[in-house]
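What follows is a short report on a single structure.
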Amino acid sequence: MEYLEKTGIPYVLLNHPAVVTTEESKNVVHVSGCASCKSLYVKDKKSDNYYLVVLPFDKRADMRRLASYVGCAKFEFATEQVLEEHLHVHRGSVSPFAFLFEKQGRDAPLLIDEDIFKMPKVKFHPCDNTATVVISTEDFKKYLSSIGKRTISVQE
10 MEYLEKTGIP YVLLNHPAVV TTEESKNVVH VSGCASCKSL YVKDKKSDNY
60 YLVVLPFDKR ADMRRLASYV GCAKFEFATE QVLEEHLHVH RGSVSPFAFL
110 FEKQGRDAPL LIDEDIFKMP KVKFHPCDNT ATVVISTEDF KKYLSSIGKR
160 TISVQE
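Oh and the sequence shown: position 140 is 149 in our numbering, straight run, nothing missing.
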């Protein structure tokens, strides 16, 4: 969270037991007025293009529909090895904060469900599933802008 501190973006860090699934997270970390999000690192089945998809935890990821936003036929989940190579994270710890560790030249776009921006706050793992970062939606947008991340709004 050093990056957020250096850029003056306020946040709250909540420590908790390790959680791997969004269901576990929902039961461990509840913050009122906050979008609980799941982050999926996916690959176009026909190319070497990767994307980070962020959805509200209660929405199902329709891989064909999500892929259609970027002109692909279908997405598949990235392997554990790819997660480590591209973002330096493990399954269960993927989040938009992983872009800070993204492998040079990868520049995976972010597909984010527009409903997330309707909440006053959002929460994500800080690339470690034993903690959660709570940040205002406006400050999250500032973070994305500060790292120059290409963001595509989707509706699932």
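Ideal Cβ positions, reconstructed from N, Cα and C, are used throughout, including at glycine.
DSSP three-state call for LYS68: helix, strand or coil?
Indexing the sequence shown from 1 puts residue 68 at position 59. Coil at LYS68, not helix or strand.
Identify every run of the alpha helix (DSSP H) within the segment 34-113, keeping only runs that are complete inside it and at least 4 residues long; order them along the chain.
72-77, 89-96
With a threshold of 16 other CB atoms inside 10 Å of the CB of ASN36, please say whether the residue is buried or exposed.
For the purposes of this step, residue 36 is identified with residue 27 of the sequence shown, where counting begins at 1. Looking at its Cβ environment, which holds fewer than 16 other Cβ atoms inside 10 Å, ASN36 is exposed.
Return the chain-ordered list of same chain residues with a C-beta closer than 8 Å to the C-beta of VAL91, the five sequence neighbours on each side being excluded.
Your numbering for residue 91 matches position 82 in the sequence shown. Correct list, in chain order: TYR50, LYS52, TYR59.
From SER104 to GLU32, what does the alpha carbon distance come to, in whole angstroms?
In the sequence shown, residue 104 corresponds to position 95, counting from 1. In the sequence shown, residue 32 corresponds to position 23, counting from 1. Roughly 16 Å separates the two Cα atoms.
Look at LEU119 and VAL163 and say whether their C-beta atoms are less than 7 Å apart.
One-based indexing of the sequence shown puts residue 119 at position 110. One-based indexing of the sequence shown puts residue 163 at position 154. Taking 7 Å as the Cβ cut-off, LEU119 and VAL163 do not qualify as a contacting pair.
Could you check the C-alpha separation between HIS95 and SER77 for me, to the nearest Å?
Residue mapping note: residue 95 aligns to position 86 of the sequence shown, counting from 1. Residue mapping note: residue 77 aligns to position 68 of the sequence shown, counting from 1. Taking the straight line joining both Cα atoms gives about 23 Å.
At the level of alpha carbons, what is the spacing between ALA140 and ARG73?
Locating residue 140 in the sequence shown gives position 131, counting from the first residue. Locating residue 73 in the sequence shown gives position 64, counting from the first residue. Taking the straight line joining both Cα atoms gives about 31 Å.
As assigned by DSSP and simplified to three states, the class of ASP148
The residue you call residue 148 lines up with position 139 of the sequence shown. Three-state DSSP puts ASP148 in a helix.
Where SER102 and LYS83 are concerned, what is the direct C-alpha to C-alpha distance, given to the nearest angstrom?
In the sequence shown, the residue the question calls residue 102 occupies position 93. In the sequence shown, the residue the question calls residue 83 occupies position 74. Rounded to the nearest angstrom, the two C-alpha atoms are 23 Å apart.
Would you decide whether ALA44 is buried or exposed? Buried here means 16 or more other CB atoms lie within 10 Å of its CB.
In the sequence shown, residue 44 corresponds to position 35, counting from 1. Buried, because 16 or more other Cβ atoms sit within 10 Å of the Cβ of ALA44.
Buried or exposed for ILE161, going by 16 or more other Cβ atoms inside 10 Å?
Reading the sequence shown from its first residue, position 152 is the one you call residue 161. It is exposed - the Cβ of ILE161 has fewer than 16 other Cβ atoms within 10 Å.
Given this structure, state the Cα-to-Cα distance separating VAL38 from ALA87, to the nearest angstrom.
For the purposes of this step, residue 38 is taken as the residue at position 29 of the sequence shown. For the purposes of this step, residue 87 is taken as the residue at position 78 of the sequence shown. Rounded to whole angstroms, VAL38 to ALA87 spans 26 Å at the Cα level.
Between which two residues does the alpha helix (DSSP H) holding LYS15 run?
Numbered from its first residue, the sequence shown carries residue 15 at position 6. That run of the alpha helix (DSSP H) goes 11-15.
Rounded to whole angstroms, what is the Cα-Cα separation between VAL28 and PRO65?
The residue labelled residue 28 in the question sits at position 19 within the sequence shown. The residue labelled residue 65 in the question sits at position 56 within the sequence shown. The alpha-carbon atoms of VAL28 and PRO65 are separated by roughly 16 Å.
Taking only the alpha-carbon atoms, compute the straight-line gap between PHE108 and GLY157 and give it to the nearest angstrom.
Taking the first residue of the sequence shown as 1, we reach residue 108 at position 99. Taking the first residue of the sequence shown as 1, we reach residue 157 at position 148. Rounded to whole angstroms, PHE108 to GLY157 spans 10 Å at the Cα level.
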